[in-house]
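**Student:** Structure provided below as structure tokens; questions to follow.
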Amino acid sequence: MDNEDKENKKDGIISRRYFLESIGVGAIGVAVAGSIALTGEYLSPNVLKEPPTKFKAGLPENYSPGSTTLNKEQKVYIMRAKEGYFYALSAVCTHLGCITNWKSEEGIIACPCHGSKFNTEGKKIAGPAPRPLQRFLMTLDEHGQLVVDKSIIVGEEVILKASINKG
Ligand code: FES
50 MDNEDKENKK
60 DGIISRRYFL
70 ESIGVGAIGV
80 AVAGSIALTG
90 EYLSPNVLKE
100 PPTKFKAGLP
110 ENYSPGSTTL
120 NKEQKVYIMR
130 AKEGYFYALS
140 AVCTHLGCIT
150 NWKSEEGIIA
160 CPCHGSKFNT
170 EGKKIAGPAP
180 RPLQRFLMTL
190 DEHGQLVVDK
200 SIIVGEEVIL
210 KASINKG
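Here this note's numbering is used: position 90 in the sequence shown is 139, and no number is missing along the way.
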């Protein structure tokens, strides 16, 4: 602390001039930091960061025949038919976009919002939903893992036959 500072803070009392100078320096600092932050934001690319549309759903043997498994994060049902083949259904209701639930005791997919119901093929069986649940392309990657691509909507005839590794 130099002599001027000591004088300014004599007996714990800050002089009016010292106080105003301090506020001025602080305000300039805030303004500079703000303009740096805004410039950085302006210069960074204005890219919409959307989650990837493709995701891995694990190995086919993780799903038993006749099972419906909801991937909550992706909002997709991994369906494995009794015959063993796979398909992926969107869990998003085609009425107003609520997330549906699997009702195992009834064997249906039901929307909690306005009562739409869908069978395991995704076809509407009740309620106001105007269309069946969307079906997404499902493939196997080079390691034999199931991969769902939510950017590719396929018809109800599209299924994935995956051979199961039995060790
Ligand atoms: S959002 Fe599903 S029935 Fe309305």
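Where is the CB? At the ideal position from N, CA and C, for every residue including glycine.
Just curious, the beta strand (DSSP E) that Val207 is in, first and last residue?
**Tutor:** Segment: none, Val207 is in no beta strand (DSSP E) and carries neither H nor E.
**Student:** In this structure, what does DSSP give as the bridge partners for Arg129?
**Tutor:** Paired residue(s): Ser116 and Phe135.
**Student:** Just list the residues that DSSP pairs Arg184 with in beta bridges.
**Tutor:** Its beta-bridge partners are Leu138 and Val203.
**Student:** Grab the span of the beta strand (DSSP E) containing Gly156 for me, first residue to last.
**Tutor:** First-last for Gly156: undefined, no H or E at that position.
**Student:** Please work out which residues of its chain come closer than 8 Å, Cβ to Cβ, to Pro181, disregarding the five sequence neighbours upstream and downstream, and give them in chain order.
**Tutor:** Thr143, Phe167, Glu170, Gly171, Lys172, Lys173 and Glu205.
**Student:** How close, in whole Å, do the beta carbons of Arg184 and Ala137 come, if the pair is a contact with beta carbons under 8 Å?
**Tutor:** Contact holds; Cβ gap of about 7 Å.
**Student:** Return the CA-CA distance between Ser64 and Glu70, expressed in angstroms with no decimal places.
**Tutor:** If I take the Cα positions, the gap works out to 10 Å.
**Student:** The ligand FES heavy atoms versus the CB of Leu145: any closer than 8 Å?
**Tutor:** Yes.
**Student:** Hey, how far is the Cα of Ile77 from the Cα of Pro100?
**Tutor:** Approximately 39 Å, taken between the alpha carbons.
**Student:** Just reading off the beta strand (DSSP E) that Gly107 is part of, what are its end residues?
**Tutor:** Looking at the DSSP string, the run of the beta strand (DSSP E) that includes Gly107 is Lys103 to Gly107.
**Student:** According to DSSP, what are the bridge partners of Ile85?
**Tutor:** In DSSP, Ile85 forms no bridge with anything.
**Student:** Just to confirm, are Val203 and Lys103 a CB contact at a threshold of 9 Å?
**Tutor:** Not closer than 9 Å, so no.
**Student:** Tell me, please, which residues DSSP counts as bridged to Ala175.
**Tutor:** BP columns for Ala175 point to Lys166.
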